[in-house]
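Positions 489 to 814 (our numbering) are the ones given, in order, by the sequence shown.
Note that beta-carbon positions come from the ideal geometry of N, C-alpha and C, so glycine has one too.
Worksheet: the structure to be examined is printed underneath.
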Amino acid sequence: MKKFFTFAASALMASTMWAGVVTLDLNSPANPATLEYGENGVWTECYNDVDYTWLEFGDNNGMFMLSHLIDGEGASWGGYYWDGFTPAIGGDQTDYGMPGSSASWTTNFGGCMAGGGCVINEDGTVTADPDQPYLVAYYSNWAMEGPSNQVMFMNKDGKMAFTPAGVYVCNHPWPYYGCVHGDGMARAFEEGDYFELIAHGVTADGTETIASINLVEFTNGQLNALNDWTFFDLSSLGEVESVYFTLNSTDSGAYGMNTASYFCMDKFQVLDDAPTAVENIGADKQVAGVQYVNLSGMTSDKPFDGMNVVVTTFTDGTTSTAKVMK
Numbered sequence: 489m490k491k492f493f494t495f496a497a498s499a500l501m502a503s504t505m506w507a508g509v510v511t512l513d514l515n516s517p518a519n520p521a522t523l524e525y526g527e528n529g530v531w532t533e534c535y536n537d538v539d540y541t542w543l544e545f546g547d548n549n550g551m552f553m554l555s556h557l558i559d560g561e562g563a564s565w566g567g568y569y570w571d572g573f574t575p576a577i578g579g580d581q582t583d584y585g586m587p588g589s590s591a592s593w594t595t596n597f598g599g600c601m602a603g604g605g606c607v608i609n610e611d612g613t614v615t616a617d618p619d620q621p622y623l624v625a626y627y628s629n630w631a632m633e634g635p636s637n638q639v640m641f642m643n644k645d646g647k648m649a650f651t652p653a654g655v656y657v658c659n660h661p662w663p664y665y666g667c668v669h670g671d672g673m674a675r676a677f678e679e680g681d682y683f684e685l686i687a688h689g690v691t692a693d694g695t696e697t698i699a700s701i702n703l704v705e706f707t708n709g710q711l712n713a714l715n716d717w718t719f720f721d722l723s724s725l726g727e728v729e730s731v732y733f734t735l736n737s738t739d740s741g742a743y744g745m746n747t748a749s750y751f752c753m754d755k756f757q758v759l760d761d762a763p764t765a766v767e768n769i770g771a772d773k774q775v776a777g778v779q780y781v782n783l784s785g786m787t788s789d790k791p792f793d794g795m796n797v798v799v800t801t802f803t804d805g806t807t808s809t810a811k812v813m814k
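In structure tokens, the structure reads:
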């Protein structure tokens, strides 16, 4: 397996004193150095299987590595295949399906049901921007060199182990419309059907932990779908050396899923393991205040549900941080 490890990832500042998480920023590419997009919104080098087996994004806070063609050189089969992650832009929500055929999707796979890249606003709300990039992810059952959707992270000190905090996900148009009314392979969803995204955290010794979220589900006579950017909490995976994604659908047959195995992803976040401002707190220190910060950077004097970074300020002006789960 070929890997390109260089340093670099932009930090989402959770407060003015420290960075609570490090966030994948698709506007900070390192390999490739720049990103260009075609008329279909897809990265123009998608089928380049010589230079871009792995993609890298980051800065001096750390480097995210994402698999693009896990089987290496030659794996695009002359420009007809890719797996893993591909950058895209525009947020095309068009239904390219035709009765009995999925052919039009093979060239129009750059869409995103949210309508554009994920933007985390200062007030913690999340919106979509068609001028911002996002990742289209494809899950392959046939990859030989390992799981096709791998995310790895190297911090600024060269440490490969990391603790994922979460990632924003939404539906890709191909599987979504397939669940709505079927396509050349998939059937329309019925009561009890679901399309599930599963995150696998892999530790240094190969042990795996998992977390899951349903991208589409048909319950109580209604089809429900994650068509807006939705935070997928990955903190339960713990410290890992990689995360990969698989998909599962109740519409499956002898050869696997009939539902198209795509989803969209943006803003993958890992907990920042930077040293706290005060490493040894004496017993005589007095607390002046405590502030809680969630993974979106929102602050409060009370803990949020899920992962919190707790900032304790002392009367002598020093601070300490800790991570807690509510």
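| Query | Result |
| --- | --- |
| Using the three-state DSSP reduction, which class does Tyr664 fall into: helix, strand or coil? | helix |
| Taking DSSP as the reference, what is the three-state secondary structure of Lys490? | Its pLDDT being 29, under 50, Lys490 is placed unreliably by the model, and the measurement read from it follows with that caveat. Here Lys490 sits in coil by DSSP. |
| CA-CA distance, Asn712 and Ala776? | 46 Å |
| Tell me whether Thr541, by its Cβ, gets closer than 8 Å to a heavy atom of the ligand GDP. | The ligand GDP is not among the ligands present in this structure, which contains no ligands whatsoever. |
| With H, G and I counted as helix, E and B as strand and the rest as coil, what does DSSP make of Val766? | Any reading at Val766 needs caution, since the residue's pLDDT is 39, under 50, leaving its predicted position unreliable; the model's value is listed next. Note: Val766 maps to coil in three-state DSSP. |
| Work out the CA separation of Ala563 and Phe495 for me, nearest whole Å. | Bear in mind that the predicted position of Phe495 carries a pLDDT of just 24, short of 50, making it too unreliable to give a figure here. |
| Is Ser737 closer than 9 Å to Thr651 when the C-beta atoms are compared? | no |
| With 16 as the cutoff for other CB atoms within 10 Å, does Thr541 come out buried or exposed? | buried |
| Report the CB separation of Val509 from Asp760 in whole angstroms; it is logged as a contact under 8 Å. | 6 Å |
| Would you call Ala742 buried or exposed, if buried means 16 or more other Cβ atoms sit within 10 Å of its Cβ? | exposed |
| With H, G and I counted as helix, E and B as strand and the rest as coil, what does DSSP make of Trp531? | strand |
| On a CA-only basis, which of Leu543, Gly526 and Tyr732 is nearest Asn515? Give me that one, please. | Leu543 |
| Roughly how many angstroms lie between the CA atoms of Ala507 and Val778, to the nearest whole one? | Bear in mind that the predicted position of Ala507 carries a pLDDT of just 46, short of 50, making it unreliable; the figure below should be weighed with that in mind. So the two alpha carbons sit approximately 16 Å from each other. |
| I need the boundaries of the beta strand (DSSP E) containing Ala640, first residue and last residue. | It is worth fixing the name first, because residue 640 is Met in this sequence and not Ala. Element bounds for Met640: Gln638 to Asn643. |
| Could you give the distance in angstroms between the alpha-carbon of Ala616 and the alpha-carbon of Gln774? | 44 Å |
| Please name the residue, chosen from Pro517, His556 and Cys752, that lies closest to Glu633 on a Cα-to-Cα basis. | His556 |
| Using the C-alpha atoms, what's the distance from Thr787 back to Ser503? | At Ser503 the pLDDT is 29, less than 50, meaning the model places this residue with poor confidence; the figure from the coordinates comes in the next sentence. Ser503 and Thr787: Cα-Cα distance of roughly 8 Å. |
| Quick one: Cα of Val624 to Cα of Lys790, how far? | 36 Å |
| Check the DSSP bridge columns for Pro635 and list the partner residues they point to. | Answer by DSSP bridge pairing: none, since Pro635 is not bridged. |
| So, helix, strand or coil for Thr613, using DSSP? | coil |
| Based on Cα-Cα distance, which residue from Tyr535, Phe719 and Phe573 lies nearest to Thr734? | Phe573 |
| When the distance is taken between beta carbons, is Val798 closer than 9 Å to Gly550? | no |
| Considering just the uninterrupted stretch of the beta strand (DSSP E) at Phe545, what are its terminal residues? | Trp542 to Asp547 |
| When you compare only the Cα positions, how much space is there between Trp717 and Val614? | 7 Å |
| DSSP on Leu735, reduced to helix/strand/coil? | strand |
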